[in-house]
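Let me begin by presenting the structure, written as structure tokens, before commenting on it.
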Amino acid sequence: MAELVQRVDLIFGEYSDEKYKVLEETLSRSNEDIIKDLLNSGLKGRGGAGFPTAMKWKYAAEQPVKEKYVVCNADEGEPGTFKDREILSKVPRKVFSGMAICAKVIGAKKGFIYLRGEYRFMLPALQVELKEFHVYAKKLKLDFTIEIKMGSGAYICGEESALFESMEGKRGEPRNKPPYPTVSGYLSKPTVINNVETFVNVVVICRIGPVQYRKLGTQDSRGSKVFSVSGDTPKPGIYELELGMPLVRFVEEFGDGDTKAVQVGGASGFCVPMKKFKDTIIGFEGVPTGGSMMIFNSSRSMYNVLHNYLGFFEEESCGQCTPCRVGCQQLKKGIEAVKRGDKPVVYLDQLMKLSETMKITAKCGLGQSVANSFSSIVNNFKEEMIY
Amino acid sequence: MSPNGNLIRELVEKHGRSRTSLMPILQGVVERQNYIADYDLTDIAKELDLSAAQVYGTATFYSFLDTVPRGKYIIRVCKTITCDMHGKKTIVQTLENMLKIKVGETTQNKKFTLLETNCLGWCHKSPAMLINDEPYTELTPERIHDIIADFMNKS
Ligand SMILES: Cc1cc2nc3c(=O)[nH]c(=O)nc-3n(C[C@H](O)[C@H](O)[C@H](O)COP(=O)(O)O)c2cc1C
Ligand code: SF4
Ligand code: FES
């Protein structure tokens, strides 16, 4: 059978023959040049929000402060995401190189990898790789060290400002923004925080150049993306594919022939029903994703799916602000009441309004994005919510 | 001095006395004795010159920093959607039957604690669970029998 989607091999592609060769070559270039390449590449952050990486680095570089930090976000807690684990296991050197290039560009001497507690088993292997990195950094006369900080089982610590709080020994409660991390991040110093995959993309761009890189993907979604595919699929796993493909092609490749919906972007992403597969683009111009693609076939109850997501949010909400702390509980209780028949069907509209209110009033991305899955599931599978 | 003064001091020596050392210290206590006791929290507060409330606040925020006694082997079964779809309930039942405890409980000999947790990042090999730091994936009741039997024979 012909491949329906284009496989790419940039992120997981083989290392160069000499260790840290791309890093060495890039260190001899000017910071302006590197930022210009990133800008031309069109690279956007791979953690979900899709902020242009070049701008983030530029802002941090412009801060007239001596102490700056580079942080790699390896908290990977979004349900259905497991690609950062694979990247850190298979090509850790590329992650370290990306962080080191960032350190050079913004003028940082210290970097951190915030690794989720669930991945502690990876620590020994990563420490060995890090030791080697530090030897090479010294050889290249690069004054930059990387330390691994462990999480302890809190999804919210993937949110950048909560992550800094956690690294500072505090509860993982998101901060108000602005100020943004590039101005005030870890220890209130200018900080660049990027997803694991984003740092690897930087190395890819430095190796093949922005022109070659831009050939992959579409206008708004350049490059390749590592997808985590799970659910009702004959081939669950991790796949590096071109960005910007229509969802229908993805389903043809990965579905089991009976796909009724795909949740794109995890519990905080969107549920796309079959009738919209054709018109949905996976990428920043359509439905964005940090990589999570969960496939559901016709045997699944979308009520159960939504109920599971709401339970997730209820537990993982940091509880700091009322719309999210109370809202998540009430949404879950609400759909239970409608299902039992204790509340009329129109009550779903009221719940929908509540989720919209959360979108406007919640303090961080967690509470703001509950409405994504809530409204996309309730709107598209209303009868499943009732019967 | 509390029963654990030495452990706390050892961890403080290793990680330092600043607030940024708090997480590694708390994680170190859990690694050694599976949970953080009240006297550990006050000891750590004293060593780092923080209020007990601050240390308690941080510790209780994180689901892996247990502040109630736990067994030597903490089993955390993923209950998020993909694992749920692929047989998580049977896995939990099998564990409950073998260990003769319910989710949230610890065996009398303090060897096992059974908990549920959120997505572990192994959805493509679901259902999945952790026993302490170690992931176990593509679980079936048969595999659970083998895994737990092995642990029962361990000290
Ligand atoms: C609730 C919540 C959880 C998040 N979890 C992660 C995560 O696990 N990994 C990640 O890279 N970004 C996560 N983010 C996004 C980060 O806040 C941040 O935008 C990202 O690390 C920036 O990196 P990027 O520009 O390379 O994408 C999360 C955001 C929110 C609101
Ligand atoms: S939206 Fe939720 S997770 Fe975010 S700060 Fe408010 S309570 Fe915490
Ligand atoms: S849903 Fe269980 S590991 Fe992701």
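Protein chains in written order, with this note's numbering: chain F, 900 to 1286; chain B, 962 to 1116.
Idealized CB from N, CA, C, for every residue including glycine.
- Look at the beta carbons and you see the region 1020-1038 of chain B touching the region 1063-1076 of chain B: at least three pairs across the two are nearer than 8 Å.
- Residue burial annotation: proline 1088(B) is buried, with at least 16 other C-beta atoms found within 10 angstroms of its C-beta.
- For isoleucine 1005(F), there is no enclosing beta strand (DSSP E); the residue is found in the alpha helix (DSSP H) stretching over 991-1005.
- In this structure, leucine 987(F) sits near alanine 973(F), with a CB-CB distance shorter than 8 Å.
- Taking a Cβ-Cβ threshold of 7 Å, the residues of chain F close to proline 1096(B) are Phe1020, in chain order.
- For asparagine 1279(F), the enclosing alpha helix (DSSP H) covers residues 1264-1279.
- Looking at the DSSP output, tyrosine 1097(B) shares a beta bridge with Met1090(B).
- Comparing C-alpha distances from cysteine 1039(B) to each of Pro1096(B), Asp1107(B), Val973(B) shows the shortest one belongs to Pro1096(B).
- Comparing alpha-carbon positions, the option among Val1101(F), Ser1268(F), Lys1177(F), Met1049(F) lying closest to glycine 1164(F) turns out to be Ser1268(F).
- Between the region 1057-1065 of chain F and the region 974-981 of chain F, the count of C-beta pairs closer than 8 Å reaches three or more; the two stretches touch.
- If the five residues before and after tyrosine 1035(F) are omitted, its C-beta is found closer than 7 Å to the C-beta atoms of Lys918, Tyr919, all from its own chain and listed in chain order.
- Taking all protein chains in view, the Cβ of serine 1200(F) is surrounded by fewer than 16 other Cβ atoms within 10 Å, so the residue is classified as exposed.
- For glycine 1010(F), the enclosing beta strand (DSSP E) starts and ends at 1009-1014.
- If the five residues before and after lysine 1088(F) are omitted, its C-beta is found closer than 8 Å to the C-beta atoms of Val964, Glu966, Lys967, Tyr968, all from its own chain and listed in chain order.
- Residues of the same chain with a CB within less than 6 Å of the CB of threonine 1003(B), apart from the 5 flanking positions on each side, are Ala1013 in chain order.
- Serine 929(F) and isoleucine 1005(F) have their C-alpha atoms roughly 12 Å apart.
- What glycine 1084(F) touches in chain B, judged by beta-carbon distance under 7 Å, is nothing: the nearest beta carbon there is about 13 Å away.
- With a cut-off of 7 Å, the C-beta of cysteine 1170(F) is classified as distant from ligand 3, since no heavy atom of the ligand falls inside that distance.
- Among the residues facing chain B, lysine 1069(F) is included, as its CB has a counterpart in that chain under 8 Å away.
- For the C-beta of alanine 1024(F), not a single chain B residue is nearer than 7 Å; the gap to the nearest is close to 13 Å.
- Interface with chain F (8 Å Cβ-Cβ cutoff): asparagine 1079(B) is included.
- Checking the 7 Å criterion, the Cβ of alanine 948(F) is within range of a heavy atom belonging to ligand 1.
- Just measuring C-alpha positions, the residue of Gly1108(F), Val1171(F), Asp1155(F), Asp1042(F) sitting nearest threonine 1132(F) is Asp1155(F).
- When the Cα atoms are used, asparagine 965(B) and aspartate 1001(B) turn out to be separated by approximately 7 Å.
- The Cβ atoms of methionine 1049(F) and glutamine 988(B) lie closer than 8 Å to each other.
- Residues of the region 991-1024 of chain B that bring their beta carbon within less than 7 Å of a beta carbon in chain F comprise Gly1018, Thr1019, Phe1022, Tyr1023, Ser1024, in sequence order.
- Between the alpha carbons of alanine 948(F) and glutamine 1162(F) lies a distance of about 17 Å.
- Annotation: the continuous alpha helix (DSSP H) that includes tyrosine 1246(F) extends over 1246-1260.
- Put simply, the backbone Cα of leucine 1265(F) is about 13 Å away from that of glycine 1210(F).
- Using a Cβ distance threshold of 8 Å, serine 1123(F) and valine 970(F) do not count as a contacting pair.
- Partner residues in the beta bridge of methionine 1192(F), as assigned by DSSP, are Val1128(F), Val1163(F).
- Close partners of isoleucine 1092(B) in chain F (Cβ separation under 8 Å) are lacking, with about 11 Å as the shortest Cβ gap.
- At a threshold of 7 Å, cysteine 1056(F) does not count as near ligand 2, since its beta carbon sits no closer than that to any of the ligand's heavy atoms.
- A residue is listed when its beta-carbon falls short of 6 Å from at least one non-hydrogen atom of ligand 2; in chain order these are Ile1055(F), Pro1073(F), Ser1216(F), Cys1217(F), Gly1218(F), Gln1219(F), Cys1220(F), Cys1223(F), Arg1224(F), Ala1261(F), Lys1262(F), Cys1263(F), Leu1265(F), Gly1266(F).
- With a cutoff of 7 Å, serine 1120(F) does not count as near ligand 3, since its C-beta is closer than that to no heavy atom of the ligand.
- DSSP places methionine 1144(F) outside both helix and strand once states are collapsed to three, so it counts as coil.
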